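A.B. asks:
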Amino acid sequence: LSKGVVLADEVGLGKTIEASLVLCQYWAERRRNLLIICPASLRKQWSQELQDKFNLPTQVLDLKTWNMSRSSGVYDPFNDGKIVIISYSFAQRMEYALGQIHWDLVIIDEAHKLRNAHRSSNKIGNSLKKSLAGCKKLLLTATPLQNSLLELYGLSTIIDEHLFGDEKAFKNKYINSTDFDSLKRRLKQFMQRTLRKDVLEYVPYTNRYPLTIPFTPTDEEQNLYDSISTYLQREFSYAF
Numbered sequence: 008l009s010k011g012v013v014l015a016d017e018v019g020l021g022k023t024i025e026a027s028l029v030l031c032q033y034w035a036e037r038r039r040n041l042l043i044i045c046p047a048s049l050r051k052q053w054s055q056e057l058q059d060k061f062n063l064p065t066q067v068l069d070l071k072t073w074n075m076s077r078s079s080g081v082y083d084p085f086n087d088g089k090i091v092i093i094s095y096s097f098a099q100r101m102e103y104a105l106g107q108i109h110w111d112l113v114i115i116d117e118a119h120k121l122r123n124a125h126r127s128s129n130k131i132g133n134s135l136k137k138s139l140a141g142c143k144k145l146l147l148t149a150t151p152l153q154n155s156l157l158e159l160y161g162l163s164t165i166i167d168e169h170l171f172g173d174e175k176a177f178k179n180k181y182i183n184s185t186d187f188d189s190l191k192r193r194l195k196q197f198m199q200r201t202l203r204k205d206v207l208e209y210v211p212y213t214n215r216y217p218l219t220i221p222f223t224p225t226d227e228e229q230n231l232y233d234s235i236s237t238y239l240q241r242e243f244s245y246a247f
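Residue numbers are given in the working numbering: position 142 of the sequence shown equals residue 149, and the series is strictly consecutive.
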């Protein structure tokens, strides 16, 4: 009954493989409207993983391949019987066309890029929410939270804008009151996070021994640190 989940395993624990297994299940059930949205640099990697390890047919689409398919007689390249792999920017560009297909499953890789989707200024996030409304989604990210609890809220709106109510209600319940236990219970309903320490029984990681060295900053250094932290946590920050 869920509209989607966030798979937030730590780096290196196989989120791509787990997502591919889900795709295999959908494919076996003959549900073939499957879409993967990822950074442009990862499109080829996704295609190779699915073809080499799972024997699933894929097609990487961008503006050039889209136009070539249309000119060769394919009416809708999105609906060509293969798993479609596209970039974030192309998904935004093709918002209307994406919205015309009822996708059985949408996998969004590096989903932390959408952590500000609750803001009207986040064009890609709002575009995806509009074009993929009603579709089941699997979000993949090793870093669902970086600077603010609101980023968890932003990710939740990609799945379902009503998971936590509106932004004001989320702030009142989980930020202003710091009710973390209640927040953890809510997150368990749609977020799965596995840490490296949880899989030591199966994966023999090399032990790492951190060396901690006490350091007392000067007043100037502390002021610099606090200023940069404040800058990074602003709602609208730009860096060149």
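In this text, a Cβ means the ideal position worked out from N, Cα and C, and glycines have one as well.
Please read these numbers as outputs of a predicted model, since none were measured by experiment.
1. Beta carbon of ILE43, beta carbon of TRP53: below 8 Å?
2. Where does CYS31 sit, in a helix, a strand or coil, going by DSSP?
3. Leaving out five residues on either side along the sequence, give the residues of the same chain with a beta carbon under 7 Å from the beta carbon of TYR103.
4. Can you list, in chain order, the residues of its chain whose CB lies under 6 Å from that of GLN107, leaving out five sequence neighbours each side?
5. Would you say LEU121 and LEU135 are within 8 Å of each other, going by their C-beta atoms?
6. Can you tell me the Cα-Cα spacing of THR225 and TYR238, whole angstroms?
7. Are the segment 125-133 and the segment 85-92 in contact at 8 Å, needing three or more beta carbon pairs?
8. Assign THR65 to one of three DSSP states: helix, strand, or coil.
9. Name the DSSP bridge partner or partners of GLN255?
10. Assuming VAL29 and THR148 are in contact, meaning their beta carbons sit under 8 Å apart, how far apart are those beta carbons, in whole angstroms?
11. As a quick exercise: from ASP111, SER48, LEU218 and SER78, pick the residue whose alpha carbon is nearest that of GLU36.
12. Would you kindly work out how many angstroms separate the C-alpha atoms of SER94 and ILE220, rounded to a whole number?
13. Can you say whether ASN133 is buried or exposed, counting buried as having 16 or more other CB atoms within 10 angstroms of its CB?
14. Give me the residue from LEU152, ILE165, GLU242 and SER78 with the minimum Cα distance to ILE131.
15. Roughly how many angstroms separate the alpha carbons of LEU5 and ASP186, rounded to a whole number?
16. Once DSSP output is grouped into helix, strand and coil, what is the label at LYS120?
17. Among residues of its own chain, excluding the 5 on either side of ILE182, which ones have a beta-carbon nearer than 6 Å to its beta-carbon?
18. Under the rule that 16 or more other beta-carbon atoms within 10 Å means buried, what is PHE222, buried or exposed?
19. Pick helix, strand or coil for LYS136, following the three-state DSSP scheme.
20. Is the distance from the Cβ of LEU146 to the Cβ of ALA118 below 8 Å?
21. If you draw a straight line from the alpha carbon of THR72 to that of THR65, how long is it in whole angstroms?
22. Is it buried or exposed, GLY11, if we count other Cβ atoms within 10 angstroms and call 16 or more buried?
23. Rounded to whole angstroms, what is the Cα-Cα separation between GLY141 and ASP188?
24. I'd like the list of long-range same chain contacts for LYS305, defined as Cβ closer than 8 Å, with 5 residues on each side in sequence excluded.
C.D. replies: Per the coordinate set shown:
1. yes
2. helix
3. none
4. none
5. yes
6. 20 Å
7. no
8. strand
9. The chain is shown only over 8 to 247; residue 255 falls outside these bounds and no answer can be derived.
10. Incorrect: roughly 16 Å between the Cβ atoms, too far for contact.
11. ASP111
12. 43 Å
13. buried
14. ILE165
15. What is shown of the chain runs 8 to 247, which leaves residue 5 out entirely.
16. helix
17. LEU156
18. exposed
19. helix
20. yes
21. 13 Å
22. buried
23. 29 Å
24. Within the shown structure, residues of the chain are numbered from 8 to 247, placing residue 305 beyond reach of any answer.
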